[in-house]
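Undergrad: First the structure, which I've put down as structure tokens, then a few questions once you've had a look.
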Amino acid sequence: MDIRKLRTFVNLAHTLNYTETAAALFTTQATVSKHILSMEKELETQLFVRAHRTITLTPAGTTVLQYARNILNNYDEMTRQLNVDRDVANQTLNIRAIPSVSDYRALGMITEFQRANPDIELHFTEGESYALLPSLDDGTSDIVFLRTFVDHQTDYAMITGEVDHFVAVVPDTSELATAKHISVSQLRGQNFLMLGKETNLFSPIMRLVRDADFSPTITYEGQRIDLVLQLVNKGMGVSIMMNKTVRTEDYPHVVKIPLDEKVVSHLAFVRRRVGPHSQASDRFWRYAEQHRQDYAE
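FYI, the numbering for the sequence shown is 1 to 297, going by my numbering.
The structure is reproduced here in structure tokens:
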């Protein structure tokens, strides 16, 4: 049984809402649905009753839930303890962050912490949003830095700092380029250049578009912010992106415009709420709590 699917099942059994579970696990509703269907096929039993946009656990689902929780608790405890045992001796700290971390002040916090704590062996890597929380659960990361559209997480401790918001990104040849602000509906009929489903930006952007009552023509979908901006710079289409990730000084033909629809994201350091945590993890966490205002707006 895949641990990720068990984790999805347990969360969905709690929320009974695909959208909430997708947001909590930093994934898509399609992935949540795929995990549940795969489990039902593997177990040869129906776990949820789906009717009129609502879901409830079946009796079999209630039985599976009891065992799934125990399996996850034991698995998480085992992996965390193994990694703590490994890291305590050499004071290793594993931090994983979203690729756009360089656009936020958190990067300064990480580098300042390293300078202040040279005895800690820091391993700092990047990863897509969907892979960050699983890396906490399997013990390969001690702390992750990510973007979330809620300011709390039930299963994880979180230190929020900066906030960011969506803006429209258009070429300077567009008739919209001189606008002081626009609504999403004004992007109707444009070619969209999108950050893809692997990021946690695709779903909230698509919700904005659906709320504006149109389906976008997606010309490009990928993971690289710089490539999206290069395409906009060449007049290939428009995009909706996070304000602080759009550096117009690097792309002279790109214009970013505030949206009337205000959608705020929180940038946060996250770790497991329940330990054990290594000494290095605890030291960074205390540092982040003490300095959070220095890196917030």
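C-beta: ideal position from N, C-alpha, C; glycine also.
Cutting at 6 Å between CB atoms, please list the residues of its own chain near ALA177, excluding the five before and the five after it.
TA: Answer for ALA177: VAL170 and VAL255, listed in chain order.
Undergrad: Can you give the Cα-Cα distance for GLU289 and ARG4, rounded to whole angstroms?
TA: Whole-angstrom Cα-Cα distance: 30 Å.
Undergrad: Within 10 Å of its beta-carbon, does GLN67 have 16 or more other beta-carbons around it, so buried, or fewer, so exposed?
TA: The residue asked about is misnamed: residue 67 is Tyr in this sequence, not Gln. It is exposed - the Cβ of TYR67 has fewer than 16 other Cβ atoms within 10 Å.
Undergrad: Is ALA30 buried or exposed, if buried means 16 or more other CB atoms sit within 10 Å of its CB?
TA: Under this definition ALA30 is an exposed residue.
Undergrad: On the three-state DSSP scale, how would you describe PHE149?
TA: Three-state DSSP puts PHE149 in coil, outside helix and strand.
Undergrad: Who are the near neighbours of MET158 in its chain, counting only those whose CB is closer than 6 Å to its CB and skipping five residues on each side?
TA: Cβ neighbours of MET158 beyond the five flanking positions: ALA268 and VAL270.
Undergrad: Can you tell me whether ALA13 is buried or exposed? The criterion is at least 16 other CB atoms within 10 Å of its CB, across all chains shown.
TA: By the neighbour-count rule (16 or more Cβ atoms within 10 Å), ALA13 is buried.
Undergrad: What's the C-alpha gap between ASP119 and VAL10?
TA: Cα to Cα, ASP119 sits roughly 39 Å from VAL10.
Undergrad: The alpha helix (DSSP H) that contains LYS234, what's its start and end?
TA: Here LYS234 belongs to no alpha helix (DSSP H), and DSSP marks it neither H nor E.
Undergrad: Could you give the DSSP three-state label for LEU82: helix, strand or coil?
TA: Helix at LEU82.
Undergrad: Are ALA168 and ILE225 closer than 8 Å when you measure CB to CB?
TA: No.
Undergrad: Between the Cα of LEU122 and those of ASP138, SER135 and ILE143, spot the shortest distance and give me the residue it belongs to.
TA: Nearest option by C-alpha distance: ILE143.
Undergrad: For ASN191, which residues does DSSP report across the bridge?
TA: DSSP lists THR217 as partners of ASN191.
Undergrad: Please state whether DSSP places SER278 in a helix, a strand or coil.
TA: Coil.
Undergrad: Where DSSP assigns a beta bridge to GLU121, which residues make up the other side?
TA: BP columns for GLU121 point to THR92.
Undergrad: Three-state secondary structure (DSSP) at ASP2?
TA: In the structure shown, ASP2 sits in coil (DSSP, three-state: anything other than H, G, I, E or B).
Undergrad: Determine the closest residue to THR148 out of VAL163, LYS34 and TYR220, with distance taken between C-alpha atoms.
TA: Out of VAL163, LYS34 and TYR220, VAL163 has the C-alpha closest to the C-alpha of THR148.
Undergrad: Using a 10 Å radius around the Cβ and a threshold of 16 neighbouring Cβ atoms, would you call GLN279 buried or exposed?
TA: Flag for GLN279 reads exposed.
Undergrad: Where do the N-terminal and C-terminal ends of the alpha helix (DSSP H) with PHE113 fall, by residue?
TA: Note, PHE113: alpha helix (DSSP H), 106-116.
Undergrad: Using DSSP bridges, identify the partner residues of SER265.
TA: Beta-bridge pairing links SER265 to ASP164.
Undergrad: Determine the DSSP secondary structure at ARG283, reduced to helix, strand or coil.
TA: Helix at ARG283.
Undergrad: Is the Cβ-Cβ distance between TYR18 and SER38 less than 8 Å?
TA: No. Outside cutoff.
Undergrad: Compare the Cα-Cα distances from ALA23 to each of VAL150, VAL64 and THR111 and report the closest residue.
TA: Taking only the C-alpha atoms, the option nearest ALA23 is VAL150.
Undergrad: Using the Cα positions of GLU77 and ASP282, report the straight-line distance between them to the nearest angstrom.
TA: Roughly 17 Å between the two C-alpha positions.
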